[in-house]
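S.K.: First the structure, which I've put down as structure tokens, then a few questions once you've had a look.
Protein chains: 2
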Amino acid sequence: MAPPRDALSHDRVLQAALALADAHGLAALSMRRLGAELGVEAMSLYRHVSSKEALLDAMVDAIVCGWIDPSADAPKDWRERLGAIMHRAHAAMLARPWSVELITVRPRVGDGRLRYAETVTTALLDAGFSPQLAHHGLHIVDGTIMGFTAQQARRPTAVALGDRVQSLYEGSLVDEYPGISRTIREHHDHDEEYALMVDLVIDGLARLRDGEPPRRTGLGADYALAIS
Amino acid sequence: MAPPRDALSHDRVLQAALALADAHGLAALSMRRLGAELGVEAMSLYRHVSSKEALLDAMVDAIVCGWIDPSADAPKDWRERLGAIMHRAHAAMLARPWSVELITVRPRVGDGRLRYAETVTTALLDAGFSPQLAHHGLHIVDGTIMGFTAQQARRPTAVALGDRVQSLYEGSLVDEYPGISRTIREHHDHDEEYALMVDLVIDGLARLRDGEPPRRTGLGADYALAIS
DNA sequence: CATCGATAACTTACGGCGTAAGCATACAGT
DNA sequence: ACTGTATGCTTACGCCGTAAGTTATCGATG
Numbered sequence: 477m478a479p480p481r482d483a484l485s486h487d488r489v490l491q492a493a494l495a496l497a498d499a500h501g502l503a504a505l506s507m508r509r510l511g512a513e514l515g516v517e518a519m520s521l522y523r524h525v526s527s528k529e530a531l532l533d534a535m536v537d538a539i540v541c542g543w544i545d546p547s548a549d550a551p552k553d554w555r556e557r558l559g560a561i562m563h564r565a566h567a568a569m570l571a572r573p574w575s576v577e578l579i580t581v582r583p584r585v586g587d588g589r590l591r592y593a594e595t596v597t598t599a600l601l602d603a604g605f606s607p608q609l610a611h612h613g614l615h616i617v618d619g620t621i622m623g624f625t626a627q628q629a630r631r632p633t634a635v636a637l638g639d640r641v642q643s644l645y646e647g648s649l650v651d652e653y654p655g656i657s658r659t660i661r662e663h664h665d666h667d668e669e670y671a672l673m674v675d676l677v678i679d680g681l682a683r684l685r686d687g688e689p690p691r692r693t694g695l696g697a698d699y700a701l702a703i704s
Numbered sequence: 477m478a479p480p481r482d483a484l485s486h487d488r489v490l491q492a493a494l495a496l497a498d499a500h501g502l503a504a505l506s507m508r509r510l511g512a513e514l515g516v517e518a519m520s521l522y523r524h525v526s527s528k529e530a531l532l533d534a535m536v537d538a539i540v541c542g543w544i545d546p547s548a549d550a551p552k553d554w555r556e557r558l559g560a561i562m563h564r565a566h567a568a569m570l571a572r573p574w575s576v577e578l579i580t581v582r583p584r585v586g587d588g589r590l591r592y593a594e595t596v597t598t599a600l601l602d603a604g605f606s607p608q609l610a611h612h613g614l615h616i617v618d619g620t621i622m623g624f625t626a627q628q629a630r631r632p633t634a635v636a637l638g639d640r641v642q643s644l645y646e647g648s649l650v651d652e653y654p655g656i657s658r659t660i661r662e663h664h665d666h667d668e669e670y671a672l673m674v675d676l677v678i679d680g681l682a683r684l685r686d687g688e689p690p691r692r693t694g695l696g697a698d699y700a701l702a703i704s
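Chains A and B supply the protein sequences, listed in that same order.
If you count the first sequence from 1, position 78 lands on 554 in my numbering, and the numbers rise without skipping.
If you count the second sequence from 1, position 72 lands on 548 in my numbering, and the numbers rise without skipping.
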């Protein structure tokens, strides 16, 4: 006969969870509602998912996995390889604003995250980075993707949040915040800005590899050893 | 007589909330428990805080406010000014790991966030950045602080999460993840790495100001206009 | 064909959550 | 002394995640 019934499965639950979050936001993702979406009671989900936490972790991993372009791990220039993954990640996260919250916070490492890390690390090693510097590079790329995207994903809604920002636009807070008042009206395109940041970071990494460390501020820990 | 009773107040609630999160984590911060901590029923808090959301926003703002050094807005070198705020922010967030989740996600802009933005923006404008570039610079600094710190704050717990990462350390996944296997054992100091990132970013900004844009990858949007 | 074991889904229940609505108390200003 | 107002308390509602126990379905076996 057919498979048991409608065959609930880990993957079906996962996909439904992604769809639900896409449609109604992360806050709307409760086990009860997810069950309803699948025509099933909440508790039935626990047959396929050990806890909600585990489900969220699986969602994160599925998304991160999408950062890697499966078609082309081609031997392009390392800058292009890094840039490509950073732009894919950015696009993927902005397409699912709710994912930012999940990804920036969850420590769990799954296959998706590992494959992503492997891709970045390999690109750097292939480009002649030392293991030490490749390690730093991964974290730098990681932080750039998430921080920058988080900050952009957060911004849109800020427009609607009222008097303070509104006043800034109207210029009525010039005395209190002269700097922001001057810059707040600047043209602002997320993708442009991100492209700029990406190139800035990649360029900085290249310089590190070539032994041209950035000019030092006297602040923070000494990283002399890190780039020797 | 004495003030009404023990004089609950917005500030007392806020401080208690910060203390509670510090002591037991963000998940433990419920209105009921917060009330208990203050010797009061949950609902009494709503006299001073309009909702839990508002309270969380206030917590964020209080923390961000601490990123600015109140003593010295001195006319130091702009690199030092920027570096100082970035390191203060980093330290403040790592001291309160739970704050990362809040700050990276909440769009609300309060006075603290505005004062922080003003400080960064002013430093850039004073250094001769165009308003356009100062605007980008603020976002770049913002994203760097949050992304990098988020990524570091998330890492510690990752150690305890089991077989996958463990296996990597033991080298039993060399075939599947050769790159990571080579780099994962590298020495790793959060502060060093962050100092490196900070200098890299500041250096990149300086270069932009001086009209030496980074080498371009052909990816993402065109930012020619942004740095003209 | 009758029976059984396993599997998948359902039911019930518990303790906790944020907060709306209404009530009691105690003070300050007249 | 009286009254308005601020402050905190009580109750209640509808959500949440999930532990524990119950039922229905199905393929394999005698």
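Every residue, glycine too, gets a C-beta built ideally from N, C-alpha and C.
Helix, strand or coil for TRP543/A per DSSP?
M.R.: TRP543/A: coil per DSSP, three-state reduction.
S.K.: Give the straight-line distance between the Cα atoms of VAL641/A and GLY604/A, rounded to the nearest whole angstrom.
M.R.: Approximately 46 Å between the Cα atoms of the pair.
S.K.: Assign HIS500/B to one of two classes, buried (16 or more other C-beta atoms within 10 Å of its C-beta) or exposed (fewer than that).
M.R.: Counting Cβ neighbours within 10 Å, HIS500/B comes out exposed, since fewer than 16 surround it.
S.K.: Can you tell which of ILE544/A, ARG564/A, GLY696/A, ARG683/A has its C-alpha closest to the C-alpha of ASP667/A?
M.R.: Closest option to ASP667/A, Cα to Cα, is ARG564/A.
S.K.: Round the Cβ separation of TYR699/B and ALA671/A to the nearest angstrom and send it over; I've been treating them as touching at under 8 Å.
M.R.: Confirmed, about 5 Å.
S.K.: Under 7 Å, Cβ to Cβ, is there at least one residue of chain B near HIS612/A?
M.R.: Yes, HIS612/A counts as interfacial toward chain B.
S.K.: Give the DSSP-derived three-state secondary structure of ALA603/B in the structure shown.
M.R.: Coil, per DSSP.
S.K.: Just reading off the alpha helix (DSSP H) that THR659/B is part of, what are its end residues?
M.R.: Residues 654-659.
S.K.: Under 7 Å between beta-carbons, which chain A residues line up against ALA497/B? List them in chain order, please.
M.R.: Per Cβ cutoff of 7 Å: no residues; ALA497/B is ~14 Å from chain A at best.
S.K.: Measuring alpha carbon to alpha carbon, tell me which of PRO607/B, THR580/B, ILE660/B, ALA610/B ends up nearest THR625/A.
M.R.: The shortest Cα separation from THR625/A among PRO607/B, THR580/B, ILE660/B, ALA610/B belongs to THR580/B.
S.K.: Over the uninterrupted alpha helix (DSSP H) stretch that includes ASP487/A, give me the two end residues.
M.R.: Start and end: 486-500.
S.K.: Flag this pair as touching only if the region 582-594 of chain A and the region 530-550 of chain A have three or more C-beta atom pairs under 8 Å; answer yes or no.
M.R.: In short, these stretches touch, since the Cβ pair count reaches three.
S.K.: Kindly indicate the opening and closing residues of the alpha helix (DSSP H) around ALA571/B.
M.R.: It spans 554-571 - the alpha helix (DSSP H) in which ALA571/B sits, taken as one unbroken run.
S.K.: I want to see whether chain A comes within less than 7 Å of HIS524/B, judged by CB atoms only; does it?
M.R.: No, because no Cβ of chain A sits closer than 7 Å to the Cβ of HIS524/B.
S.K.: Does any residue of chain B have a CB that is nearer than 7 Å to the CB of GLN627/A?
M.R.: Taking Cβ atoms only, chain B reaches closer than 7 Å to GLN627/A, which makes this a yes.
S.K.: Could you check how far apart the C-beta atoms of GLU594/A and ILE656/B are, in whole angstroms? I think they sit under 8 Å.
M.R.: That pair is a contact at about 5 Å.
S.K.: Check whether the Cβ of GLY604/B lies closer than 7 Å to any Cβ atom in chain A.
M.R.: No - not a single Cβ of chain A is within 7 Å of the one on GLY604/B.
S.K.: Where does TYR653/A land, buried or exposed, given buried means 16+ other C-beta within 10 angstroms?
M.R.: By the neighbour-count rule (16 or more Cβ atoms within 10 Å), TYR653/A is buried.
S.K.: Measuring only between beta-carbons, confirm whether PRO607/B sits less than 7 Å from chain A.
M.R.: For PRO607/B, the answer is yes, since a Cβ of chain A falls inside 7 Å of its Cβ.
S.K.: Could you check what DSSP says for LEU676/A in three-state terms: helix, strand or coil?
M.R.: Correct three-state label for LEU676/A: helix.
S.K.: Grab the span of the alpha helix (DSSP H) containing GLU513/B for me, first residue to last.
M.R.: Segment 507-513, the alpha helix (DSSP H) holding GLU513/B.
S.K.: Is the CB-CB distance between VAL596/B and LEU609/B below 7 Å?
M.R.: The answer is no: Cβ separation not under 7 Å.
S.K.: What do you reckon, are the CB atoms on THR705/A and HIS612/B nearer than 7 Å?
M.R.: No answer is possible for residue 705/A: the residues shown for chain A start at 477 and end at 704.
S.K.: If we count the other Cβ atoms within 10 Å of its Cβ and call it buried at 16 or more, is SER575/A buried or exposed?
M.R.: With 16 or more other Cβ atoms within 10 Å, it is buried.
S.K.: How about ALA599/A and ARG557/A: are their beta carbons less than 7 Å apart?
M.R.: Yes, Cβ-Cβ distance for ALA599/A and ARG557/A is below 7 Å.
S.K.: Starting from the C-beta of LEU490/B, find all residues in its chain whose C-beta is less than 6 Å away, skip the five residues before and the five after it, and write them out in chain order.
M.R.: Answer for LEU490/B: ALA534, listed in chain order.
S.K.: Given this structure, state the Cα-to-Cα distance separating VAL525/A from LEU521/B, to the nearest angstrom.
M.R.: Going from the Cα of VAL525/A to the Cα of LEU521/B covers about 37 Å.
S.K.: Starting from TYR653/B, find everything on chain A with Cβ-Cβ shorter than 7 Å and list it in chain order.
M.R.: LEU590, GLU594, listed in chain order.
S.K.: Between THR620/A and MET569/A, which are expected to be in contact by the criterion C-beta below 8 Å, what is the C-beta distance as a whole number of angstroms?
M.R.: At roughly 12 Å, the Cβ-Cβ gap does not stay under 8 Å, so THR620/A and MET569/A are not in contact.
S.K.: Which residues in chain A have a C-beta closer than 7 Å to the C-beta of LEU560/B? List them in chain order.
M.R.: It is worth fixing the name first, because residue 560/B is Ala in this sequence and not Leu. Near ALA560/B (Cβ distances below 7 Å), the residues of chain A are LEU695.
S.K.: Is the Cβ of ASP675/B closer than 7 Å to any Cβ of chain A?
M.R.: True, the Cβ-Cβ gap to chain A drops below 7 Å.
S.K.: Shorter than 7 Å from the beta carbon of LEU601/A to some beta carbon of chain B?
M.R.: Answer yes: the Cβ-Cβ gap between LEU601/A and chain B drops below 7 Å somewhere.
S.K.: Using the Cα positions of LEU649/B and TYR592/A, report the straight-line distance between them to the nearest angstrom.
M.R.: Rounded to the nearest angstrom, the two C-alpha atoms are 15 Å apart.
S.K.: Can you give me the C-alpha to C-alpha distance between ARG509/B and ILE678/B, rounded to a whole angstrom?
M.R.: Rounded to the nearest angstrom, the two C-alpha atoms are 43 Å apart.
S.K.: From PRO433/A to LEU681/A, what distance separates their C-alpha atoms?
M.R.: Since the displayed chain A opens at 477 and closes at 704, residue 433/A lies outside it and no answer follows.
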